[in-house]
Amino acid sequence: MLLELRDIRKAFGKGENRVEVLRGISLDVKKGEFCVLLGPSGSGKSTLLNIIGGIDSTDSGEILIGGERMSAMGEKELTRYRRRHLGYIFQMYNLIPNLTVRENIEVGAYLGRNPLDVDEILHTLGLYEHRRKLPNQLSGGQQQRTSIGRAIIKNPDILLCDEPTGALDYNTSREILRLIEKISLQYGTTIIMVTHNEAIGA
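So the sequence shown is numbered by this note's numbering: it starts at -19 and just counts up by one.
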């Protein structure tokens, strides 16, 4: 099993203001699996994704990555885990405005042990003809594809997707979802996506 979550619990606040956002979450995710976590806004989806990414911590429970306990990792090991094994896609594209499409994607390559070929990524994402454009010259879908390229070029084991279609229209959202599924099949990447959109969850 690539990823195992065991009885994950997380709360914010104290006393009367204490809110439990995760209550005993357990989950097994296999290599190459496409996992969608569906729930309304405020249900703890992004918190769970941050915990899997080693950005946030649990109150109790255990996470195992390839059989290794995350709680046993020091800060350097967590940083190495994030750099080598994880890619992130967010609702906001967070592209560097003065870099071209190609250069924005190449930024991700510096974090990987065995990065993929940038031209291959550009072709896979349908961005090759836009490779010299700046972010402000792109549509929303093209910007999100660029952020996907930046996430996958380092060849991560797991791609964490936090509402990746939240800022896009319906047709563009479907296009991005098909692209993420293609990446999972083509590269064997495990996808963990959180969304409030029931159409995506279906």
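Note that beta-carbon positions come from the ideal geometry of N, C-alpha and C, so glycine has one too.
Model, not experiment: these values are computed from the prediction.
Can you find the residues in the same chain that come closer than 7 Å, C-beta to C-beta, to residue i, ignoring five residues on each side of it along the sequence?
{"i": "GLY34", "result": "MET50, LEU58, TYR61 and ARG62"}
{"i": "LEU7", "result": "LEU(-15)"}
{"i": "THR38", "result": "ILE(-12), ARG(-11), LYS(-10) and ILE31"}
{"i": "LEU66", "result": "GLY33, PRO136, ILE138 and LEU140"}
{"i": "LEU159", "result": "LEU105, ARG125 and ILE128"}
Assign residue i to buried or exposed, taking buried as 16 or more other Cβ atoms, counted over all protein chains shown, within 10 Å of its Cβ.
{"i": "LYS134", "result": "buried"}
{"i": "ALA52", "result": "exposed"}
{"i": "ASP149", "result": "exposed"}
{"i": "LYS186", "result": "In the structure as shown, the chain begins at -19 and stops at 182. Residue 186 is therefore absent and cannot be evaluated."}
Provide the residue(s) that pair with residue i in DSSP beta bridges, ordered along the chain.
{"i": "GLU86", "result": "Bridge partners of GLU86: none, in fact."}
{"i": "ARG(-11)", "result": "ARG3 and SER40"}
{"i": "LEU(-17)", "result": "VAL9 and ILE45"}
{"i": "LEU165", "result": "Answer is none; LEU165 lacks a bridge partner."}
With distances taken from CA atoms, which of the options is nearest residue i?
{"i": "ARG64", "options": "ASN177, ARG(-14), TYR150 and ILE138", "result": "ILE138"}
{"i": "LEU107", "options": "THR38, ILE5, GLY24 and ASN84", "result": "ASN84"}
{"i": "THR175", "options": "GLY4, ILE5 and GLY19", "result": "GLY19"}
Once the 5 residues before and after residue i are set aside, which same chain residues still bring their CB inside 6 Å of it?
{"i": "LEU96", "result": "ILE133 and ASN135"}
Which of the three DSSP states is assigned to residue i in this structure?
{"i": "LEU17", "result": "strand"}
{"i": "MET195", "result": "Examination of residue 195 is not possible in this model, given that the chain is present from -19 through 182 alone."}
{"i": "GLY121", "result": "helix"}
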